[in-house]
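The structure appears below as structure tokens.
Number of protein chains: 2
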Amino acid sequence: MRESDKDIIRSLKIFSDVDERLFETLVTAAYAQRFPAQVDLIHEGESADFLYIVLEGCVELFASSHGRETSMAIVSPVSTFVLAATVKDAPYLMSARTVDPSKLLLIPSQNVRDVFDQDPAFARAIVTELATCYRSVVKSMKNLKLRTAIERVGNYILRLHDKSGKADIVELPFGKRNLASILGMTPENLSRAFGALQSHGILMDGARIEIIDRAALETVSKPNPLIDDFRS
Amino acid sequence: MRESDKDIIRSLKIFSDVDERLFETLVTAAYAQRFPAQVDLIHEGESADFLYIVLEGCVELFASSHGRETSMAIVSPVSTFVLAATVKDAPYLMSARTVDPSKLLLIPSQNVRDVFDQDPAFARAIVTELATCYRSVVKSMKNLKLRTAIERVGNYILRLHDKSGKADIVELPFGKRNLASILGMTPENLSRAFGALQSHGILMDGARIEIIDRAALETVSKPNPLIDDFRS
DNA sequence: TTATTGCATTGATAAAAATCAATCATCGGG
DNA sequence: CCCGATGATTGATTTTTATCAATGCAATAA
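Given below as structure tokens:
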């Protein structure tokens, strides 16, 4: 582990208040590694040997059953994944692969559990991170169960618009195939949804979306902070 | 708080290893209360003043948006709900109401957070419980995204069969209306799914289901431990 | 440049699920 | 005992979504 990496890790919210000595044990056991795009990292069912933290790039969490596959989430910096499996020492419920070239931090699960028990600040950081993950899945589930495909797409665009600081033009951060799966629909249907939304305040141009009339987009999407707000 | 209640609470896994003095502060601040069936307990968007623990009965977690409503989960003894909101001191993402007459323990969120910071055993218990909740939502989401309506119903029956110790006849633990919403379909569709499954190893009789040919039911349901296993 | 490849789009069709409407139980109260 | 309410079922229909098939389009490598 390079010193520069160590400093970056130390500055992460999850480690910032950890006792110096315990931080050393974590960092010594951990390693930061770069991966190309589209590399399989873990497979559901495997035992949770490591906790992962995305430092750069982004990672897709997905799941399969009897030949079907679906994206569950895209993890971007700086967030963890497979934290629950690490905490419980249980098998992963999701597989993971890089979307873009990525830099990840891998910490052996046993060390995470050890330091959790010894350092209240770390325990607090871990439980907060896990609570954030939980709430994020709950929101995804509400999104899926309470909304139609078009509403999901509309709200996704609204969120992009918010994150961009209400720029006139926003860009999809990853391919439409992935996005469709995240939003619980087929690529064909996503395409049609984008098409349909063009009469409701947007203009599509490949991966770029011009927001022409946000109010119209909101009317059709019915945004709800208890589903869409990426804070809280 | 009655002494008998206190003993019951002390025996819960979440409290069993907590320091005696801190347990006292938690229990003093908490109160156990009985509620009739179909009583609203909390509403999404409210601030998380209490952590809830279901001691008896059962509670439905549900969510709404623009006039639609869906069940997210049924919580039965002994489990918590709204733990993530408590940890983060954030608004509830789900509403809750009793299904059956229920006995609940309410602990002020502030006390939960305080004791979390002071007692590693409690911290460990809380994070494990939260990890269990997280994994449970992930499994629900996989269930929804990877399976058809009939498969979801089939696997639900298989799980009931497992929990009953493979009894010949299993009984639905709550109304079909609730079940339909949990499984992400309309009551009408649930009815038809039950009907369709009768040619695949089951026999319906109101809320009772006779399991005639489990293998046939499995063939059509394609169970998957990483979705259905209620342990892990 | 031109193939090649992978993704995105579009149209036609099929399947799945929701909705609407009516009927049928079941259960508790008068 | 019947009555009314609630929930479940069934059938007909519409809507939504997925699937299948064909085409287009852009990036890449020969």
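So the protein sequences, as listed, match chains A and B.
FYI, in numbering that gives the first Met the number 0 the residues of the first sequence are 0 to 231.
FYI, in numbering that gives the first Met the number 0 the residues of the second sequence are 0 to 231.
Don't be surprised by glycine CBs; every beta carbon is placed ideally from N, CA and C.
No experiment lies behind these values; they were computed from the predicted model shown.
- Residue burial annotation: residue 64 of chain A is buried, with at least 16 other C-beta atoms found within 10 angstroms of its C-beta.
- The C-beta separation of residue 1 of chain B from residue 59 of chain B comes to about 27 Å, leaving the pair out of contact by the 8 Å criterion.
- Per DSSP, the unbroken alpha helix (DSSP H) holding residue 190 of chain B starts and ends at 186-196.
- Under DSSP, residue 61 of chain A takes part in a beta bridge, and its partners are A:70 and A:94.
- Your pair residue 49 of chain B and residue 106 of chain B checks out as a contact, with CB atoms roughly 6 Å apart and the cut at 8 Å.
- When A:94, A:199 and A:75 are compared, the shortest CA-CA separation from residue 172 of chain A is found for A:75.
- Here residue 55 of chain A is bridged, per DSSP, to A:102.
- When CB distances to chain B are screened at a threshold of 7 Å, not a single residue of the region 153-173 of chain A falls below it.
- Comparing C-alpha distances from residue 25 of chain B to each of B:190, B:115, B:38 and B:69 shows the shortest one belongs to B:115.
- For residue 147 of chain A, there is no enclosing beta strand (DSSP E), as DSSP marks it with neither H nor E.
- The beta carbons of residue 143 of chain B and residue 183 of chain B sit closer together than 8 Å.
- Counting the other Cβ atoms within 10 Å of the Cβ of residue 53 of chain A gives 16 or more, which makes it buried.
- Against chain B, the beta carbon of residue 79 of chain A has no neighbour under 7 Å; the closest one sits roughly 12 Å away.
- Interface flag for residue 151 of chain A against chain B is unset, since no Cβ pair is found closer than 8 Å.
- In summary, residue 87 of chain B is buried, with 16 or more beta-carbon neighbours lying within 10 Å of its beta-carbon over all protein chains present.
- Between residue 153 of chain B and residue 70 of chain B, the C-beta gap is not smaller than 8 Å, which leaves the two residues out of contact.
- In this structure, residue 207 of chain A places its C-beta atom within 8 Å of the C-beta atom of residue 170 of chain A.
- For a Cβ distance threshold of 7 Å, residue set 119 and 123 of chain A lies close to residue 116 of chain B, ordered along the chain.
- Annotated as proximal: residue 156 of chain A and residue 216 of chain A, with beta-carbon spacing under 8 Å.
- Between residue 124 of chain A and residue 12 of chain A the beta-carbon gap is near 7 Å, inside 8 Å, which marks them as a contact.
- By the Cβ-count criterion, residue 42 of chain A is exposed, with fewer than 16 other Cβ atoms from all chains shown falling within 10 Å of its own Cβ.
- Residue burial is scored here from C-beta neighbours: residue 118 of chain A has at least 16 other C-beta atoms within 10 angstroms and is therefore classed as buried.
- A direct Cα-to-Cα measurement between residue 132 of chain A and residue 15 of chain A gives close to 19 Å.
- Annotation for residue 181 of chain A: the continuous alpha helix (DSSP H) segment containing it runs 175-181.
- Apart from sequence neighbours up to five positions away, the residues of its chain that approach residue 138 of chain B with a beta-carbon distance below 7 Å are 226, ordered along the chain.
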